[in-house]
Amino acid sequence: MRRWTRVLRTPLGLTATVLTLGVVMLAVLGPILWTDEANAVDTGNILAGPSADHWAGTDNLGRDILYRTLVATRLSVELALAATAIAVVVGLVLGTAAFLLGRRLGRLVSAVINIAVAFPGILLALFFAVVFGVGATGAVLAIGLAGAPAFGRLVQTLVAGVAARDYVSAARVAGVGRTRILLRHVLPNISEPLVVNATIGAGGALLSFAGLSFLGLGVQQPKYDWGRLLFDGIGSIYVNAAAALAPGAAVLVAGLAFNLFGESVAKALGVGVVAGIRVPDTRRPVAADDAPVGADLGDHDADVVLDVRDLEVTFPAPGGPLRAVRGISFTVGRGEAVGIVGESGSGKSLTALAVSRLVDEDGSVTASRLELLGKDLRGPDNATQRRMLGTSLAMVFQDPMTSFNPTKRVGRQLAEVGTTHLGMSRGQAMERAVERLDAVRIADAADRVHRYPHEFSGGMRQRAMIGMGLMGTPALIVADEPTTALDVTVQQQVLDLLAAIRAADDVALVLISHDVTVVGEVCDRVLVMYAGRIVEELPATELATGARHPYTRALVAAVPDMATDLDAPLATIPGRPVDPADVPPGCAYAARCPLADARCRTDDPPLVATTSGRVACWHAGEPLPDPVLRADSARFETLVETS
Amino acid sequence: MALASSVAPPAGPAIPRTGAISHPWVRFGARRVGRLVVSLWVLVTASFLMIHLIPGDPVRAALGPTAPARLVSAKRAEMGLDDPLLVQYWHYVQHLFSGDLGTSLVSQLPVSQVVSQRLPATLGLALLAFLLAVVVAVPLGVATGVLTRRGHGRRTELVFTTTSVVLGIVPDFLVGVGLVYVFGVNLGWLPVAGNDTPSAYVLPVLSLAIGPAAILARIIRIEMVTVLEADFVRTARAKRLSKPRVYLGHALPNALTASLTLGGLILSAMVAGTVLVENVFAWPGLGSTIVSSILNKDYQVVQAIVIVYGAGVLLVNTLVDVALALLDPRSMIRED
Chain A
9 MRRWTRVLRT PLGLTATVLT LGVVMLAVLG PILWTDEANA VDTGNILAGP
59 SADHWAGTDN LGRDILYRTL VATRLSVELA LAATAIAVVV GLVLGTAAFL
109 LGRRLGRLVS AVINIAVAFP GILLALFFAV VFGVGATGAV LAIGLAGAPA
159 FGRLVQTLVA GVAARDYVSA ARVAGVGRTR ILLRHVLPNI SEPLVVNATI
209 GAGGALLSFA GLSFLGLGVQ QPKYDWGRLL FDGIGSIYVN AAAALAPGAA
259 VLVAGLAFNL FGESVAKALG VGVVAGIRVP DTRRPVAADD APVGADLGDH
309 DADVVLDVRD LEVTFPAPGG PLRAVRGISF TVGRGEAVGI VGESGSGKSL
359 TALAVSRLVD EDGSVTASRL ELLGKDLRGP DNATQRRMLG TSLAMVFQDP
409 MTSFNPTKRV GRQLAEVGTT HLGMSRGQAM ERAVERLDAV RIADAADRVH
459 RYPHEFSGGM RQRAMIGMGL MGTPALIVAD EPTTALDVTV QQQVLDLLAA
509 IRAADDVALV LISHDVTVVG EVCDRVLVMY AGRIVEELPA TELATGARHP
559 YTRALVAAVP DMATDLDAPL ATIPGRPVDP ADVPPGCAYA ARCPLADARC
609 RTDDPPLVAT TSGRVACWHA GEPLPDPVLR ADSARFETLV ETS
Chain B
291 MALASSVAPP AGPAIPRTGA ISHPWVRFGA RRVGRLVVSL WVLVTASFLM
341 IHLIPGDPVR AALGPTAPAR LVSAKRAEMG LDDPLLVQYW HYVQHLFSGD
391 LGTSLVSQLP VSQVVSQRLP ATLGLALLAF LLAVVVAVPL GVATGVLTRR
441 GHGRRTELVF TTTSVVLGIV PDFLVGVGLV YVFGVNLGWL PVAGNDTPSA
491 YVLPVLSLAI GPAAILARII RIEMVTVLEA DFVRTARAKR LSKPRVYLGH
541 ALPNALTASL TLGGLILSAM VAGTVLVENV FAWPGLGSTI VSSILNKDYQ
591 VVQAIVIVYG AGVLLVNTLV DVALALLDPR SMIRED
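Going down the list, the protein sequences come from chains A and B. Its first residue numbered 9, the first sequence is counted upward by one per residue in the numbering used here. Its first residue numbered 291, the second sequence is counted upward by one per residue in the numbering used here.
Given below as structure tokens:
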């Protein structure tokens with residue numbers, strides 16, 4: 009019941025409900041109250057325009073148009089409901105036939121429905137109107153049967169959905185007959201969408217009926233529905249426009265009311281209304297002045313490819329701005345591979361998007377420095393910057409299956425970079441695309457460029473994506489979980505390819521991953537992120553033994569290796585990652601940290617330099633209590649979820 | 291289920307069911323042509339049966355109760371109505387293929403002549419309305435899609451959705467009546483009947499196009515909003531393409547593929563919509579002819595026009611499928 013009252017909460021739903029009730033009341037009361045007035049002939053007042061006596065004027069016998077329109081409500085609604093009933097009943101028969109008759113006959117019925125649905129309702133209605141003859145009865149049958157195929161298809165879809173459910177299968181296995189299953193299990197479950205669609209259908213039938221009567225094929229005199237009044241009125245529209253407009257408006261209001269009422273109910277019963285998301289009032293571009301000023305900016309170092317200082321990414325949220333990345337600084341040198349690891353929600357992917365200027369525009373990105381090859385990336389987007397980013401920065405995304413445009417040939421998608429940024433002709437760009445695909449070890453590249461993405465395997469697509477990045481001459485490749493969506497067997501190929509490109513062209517790599525092993529294998533240096541901060545930075549070689557932050561050590565320990573006891577439960581990090589909307593004071597990791605004390609919960613540890621990197625922990629390097637990690641197999645889920 | 295075996299319509303022509311023909315375009319073409327042929331056959335058969343499903347004698351009905359019995363039986367013999375049904379069916383199909391649609395019972399003119407006289411007016415009306423609907427709906431849908439993505443522009447979305455829902459429901463003939471009243475009766479700017487001047491096209495074309503344009507624009511907006519969230523749009527942005535390029539070059543084709551399927555239904559409904567609109571504007575096309583022929587019980591003409599309209603609809607559906615396959619080659623496979 010609660011779901012039904014939702015209909016009334018939207019302005020459109022409320023209006024539609026009130027109007028529908030109004031139409032129904034009018035249908036009941038109209039003929040009782042005004043039949044005599046509607047039939048009163050006033051020969052002295054033929055085809056008169058609106059007056060005090062006749063608000064909508066009179067027809068060719070001097071009868072009052074307004075009263076006739078009001079009285080016609082009942083017949084119009086009755087006929088529409090009758091036609092809808094026919095459509096629903098015949099549709100039910102057609103739609104359940106496939107279920108009842110078994111596969112072979114069922115398919116024949118489906119084919120018939122499919123062909124019939126292809127023809128618009130008005131054509132079917134005309135066809136049946138010829139067969140059943142001109143008049144109200146013929147028109148009811150015509151509109152009912154014309155609407156049946158669409159209902160048939162709806163029922164078929166709904167039945168198929170319910171029939172696939174477990175309890176129906178169970179009943180079937182138990183030997184319950186098909187008819188019984190249909191009546192007991194299937195129909196009760198599809199009644200709700202059916203009723204909703206019938207309501208919408210009634211609106212449609214009302215309008216169609218008006219159409220047929222308007223053509224002179226429906227209700228015949230002396231009876232009259234709205235369509236008939238319109239038919240009679242349109243001829244004299246220059247004499248008394250109200251004679252056509254009054255019944256026209258009535259049809260419109262009633263048709264809209266039924267239709268919108270049905271739609272509103274459908275919406276209310278369906279997904280439900282999503283609570284309003286607050287839209288940001290102001291969108292701030294990357295701007296230096298509102299960024300926290302970092303200490304010692306220094307000059308640009310020629311060997312630094314990417315220089316990031318005090319990077320912040322915030323999103324507007326109902327409870328105030330959400331700081332997803334909270335002031336991080338790092339650099340990437342020429343040809344260097346830097347890994348960023350962390351659980352989901354740690355801000356690592358947003359960091360990748362922010363440095364490549366791809367954060368959605370409702371997010372605000374600020375930094376005191378954000379430079380690629382010494383060029384400032386802050387400030388508004390312009391052609392020069394686009395060209396620079398388009399040629400010197402390559403992106404590789406997580407899911408190669410969805411990262412290519414399915415409607416364009418792979419070659420064209422690569423060539424686009426050449427034609428857009430490198431001033432190449434289409435032919436030149438295509439040649440370059442072939443060459444690049446070849447370089448990322450895609451066999452038969454000259455043929456492959458003419459294929460669509462769906463003709464590539466996952467690993468091939470990811471290599472093609474890397475090839476797309478190589479269309480320019482990238483100084484930096486940002487790869488966001490490039491192997492996560494791939495088969496284990498293909499993962500290594502992609503990692504090897506990235507390594508080879510790095511070695512050959514001295515390209516820097518930022519590899520974002522939740523997988524410490526992958527990062528340890530490919531990268532020189534590792535940044536560990538937690539709750540939007542860098543908590544540790546260290547050489548990849550020291551990951552296994554030299555990590556000082558308890559979080560890094562937990563990440564490393566959670567990776568099973570050859571020595572892991574396979575019978576023991578897998579090690580996990582207890583607790584859940586921090587909700588970016590609700591970062592606690594002090595060290596964000598404190599709640600999950602075995603070393604945490606009172607200070608950790610109040611004071612946030614700064615990121616300080618160590619001999620080989622940086623770490624943010626009050627207890628960096630202290631021995632962990634034993635057992636280091638709670639080995640609890642039930643908690644394995646958290647690890648899986650976070651990846 | 292095997293890829294190739296599930297599609298062929300039950301009574302279809304010889305569609306290769308093995309992997310012998312493997313090129314997707316060939317398979318797609320064969321299947322599509324097969325479906326078209328079956329649908330046309332259903333259409334022709336239905337229109338043939340129509341005249342036999344009418345209770346009573348169609349010739350007597352057409353000529354009226356006062357016509358002499360001799361005339362009726364002569365006419366029946368001339369039309370071959372006394373032959374066995376299958377023979378009649380065979381002749382009907384034969385004549386149809388040779389372009390002979392029979393003779394009008396009322397005007398005594400060859401039906402093919404009636405149809406070819408009336409067809410251009412209807413075709414012109416439908417094509418213009420179709421063009422107008424697409425030209426309005428695509429930019430409107432794309433623009434509102436871009437403006438209302440990710441929960442932006444909620445006010446714009448509300449206004450747009452409400453307007454397009456309402457406009458989409460209003461039937462074309464009521465739009466026509468409204469337009470006649472405003473621009474014909476009240477303002478007197480535009481002619482409201484016939485097709486003698488170019489300005490006479492304005493109101494009928496508008497009546498036919500407004501509803502479909504509203505529905506199409508709404509679908510395109512919804513698809514755009516979805517597509518703009520897709521990974522490949524982010525890829526396009528990562529390539530630093532210009533915004534128009536990202537929206538029109540990458541997002542739009544994908545939004546259109548989903549829109550086309552529903553759009554096709556709307557557009558074929560538009561072909562049929564000419565019937566009502568022509569009657570509002572006394573348009574000398576097939577739509578006004580079929581209605582007057584039904585009222586005059588001139589069934590030969592009705593039969594022929596039903597076939598023409600039905601074939602038009604089937605043609606639109608086929609074109610939509612082909613366009614879909616061109617835009618998104620995956621749709622050819624998905625249909626399997």
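Note that beta-carbon positions come from the ideal geometry of N, C-alpha and C, so glycine has one too. Small disclaimer: the values here were computed from a predicted structure and weren't measured.
Strand pairing of residue i, partner residues [DSSP]
i: THR92 (chain A); result: Its beta-bridge partners do not exist; DSSP assigns none.
i: PHE652 (chain A); result: This structure cannot speak to residue 652 (chain A), because chain A is shown only from 9 to 651.
i: LYS383 (chain A); result: A:LEU380
i: ARG1 (chain A); result: Because chain A in this structure spans residues 9 to 651, residue 1 (chain A) falls outside the shown range and cannot be described.
i: GLY354 (chain A); result: Per the sequence shown, residue 354 (chain A) should be read as Ser rather than Gly. None; SER354 (chain A) has no bridge partner.
i: PRO400 (chain B); result: B:THR393
Exposure label - residue i; buried when at least 16 CB within 10 Å
i: VAL261 (chain A); result: exposed
i: ASP640 (chain A); result: Any reading at ASP640 (chain A) must be qualified, since the residue scores a pLDDT of 43, below 50, and its modelled position is unreliable; the value itself is stated next. It counts as exposed.
i: LEU315 (chain B); result: Leu is not the amino acid found at residue 315 (chain B); the sequence shown has Trp there. The residue in question, TRP315 (chain B), is exposed, as its Cβ has fewer than 16 Cβ neighbours within 10 Å.
i: ALA583 (chain A); result: Reading off the sequence shown, one finds Gly at residue 583 (chain A), where the question assumed Ala. By the neighbour-count rule (16 or more Cβ atoms within 10 Å), GLY583 (chain A) is not buried but exposed.
i: VAL515 (chain A); result: buried
i: ASN390 (chain A); result: exposed
i: GLY243 (chain A); result: exposed
i: PRO593 (chain A); result: exposed
i: GLY256 (chain B); result: Since the first and last residues shown for chain B are 291 and 626, residue 256 (chain B) lies out of range.
i: LYS533 (chain B); result: exposed
i: ASN476 (chain B); result: exposed
i: SER7 (chain A); result: Missing from the structure shown is residue 7 (chain A); chain A here goes from 9 to 651 and no further.
Terminal residues of the alpha helix (DSSP H) in which residue i lies
i: MET369 (chain B); result: 359–369
i: MET432 (chain A); result: Element bounds for MET432 (chain A): n/a, residue is neither H nor E.
i: ASP611 (chain B); result: 589–617
i: SER521 (chain A); result: It is not in any alpha helix (DSSP H) - SER521 (chain A) instead sits in the beta strand (DSSP E) that spans 516–521.
Spatial distance of residue i from residue j (CA atoms)
i: VAL163 (chain A); j: THR92 (chain A); result: 14 Å
i: ARG188 (chain A); j: ALA168 (chain A); result: 16 Å
i: VAL181 (chain A); j: ILE208 (chain A); result: 37 Å
i: PRO421 (chain B); j: ARG366 (chain B); result: A small fix is needed here, since residue 421 (chain B) is Leu in this sequence, not Pro. Rounded to the nearest angstrom, the two C-alpha atoms are 44 Å apart.
i: SER59 (chain A); j: LEU604 (chain B); result: 50 Å
i: CYS601 (chain A); j: THR618 (chain A); result: 21 Å
i: LEU371 (chain B); j: VAL383 (chain B); result: 14 Å
i: VAL592 (chain B); j: ALA251 (chain A); result: 31 Å
i: LEU585 (chain B); j: GLU45 (chain A); result: 31 Å
i: ARG173 (chain A); j: LEU100 (chain A); result: 20 Å
i: ILE581 (chain A); j: GLY353 (chain A); result: 15 Å
i: ARG533 (chain A); j: VAL340 (chain A); result: 9 Å
Boundaries (first-last residue) of the beta strand (DSSP E) holding residue i
i: MET537 (chain A); result: 533–538
i: VAL312 (chain A); result: 312–323
i: SER337 (chain A); result: 330–341
i: MET403 (chain A); result: 401–404
i: ASP486 (chain B); result: Element bounds for ASP486 (chain B): n/a, residue is neither H nor E.
i: ASP488 (chain A); result: 484–488
Beta-carbon spacing of residue i, residue j below 8 Å
i: ARG342 (chain A); j: VAL313 (chain A); result: yes
i: ALA150 (chain A); j: PHE140 (chain A); result: yes
i: LEU83 (chain A); j: ASP67 (chain A); result: no
i: ALA90 (chain A); j: VAL148 (chain A); result: yes
i: LEU343 (chain B); j: LEU353 (chain B); result: no
i: ALA213 (chain A); j: ALA402 (chain A); result: no
i: ALA124 (chain A); j: PRO157 (chain A); result: yes
i: LEU232 (chain B); j: THR551 (chain B); result: Nothing in the structure corresponds to residue 232 (chain B), since chain B is present only between 291 and 626.
i: ALA499 (chain B); j: ALA572 (chain B); result: no
Beta carbon proximity, residue i to chain E, threshold 8 Å
i: ARG620 (chain B); result: Of the chains in the structure shown, none is chain E; the protein chains are A and B.
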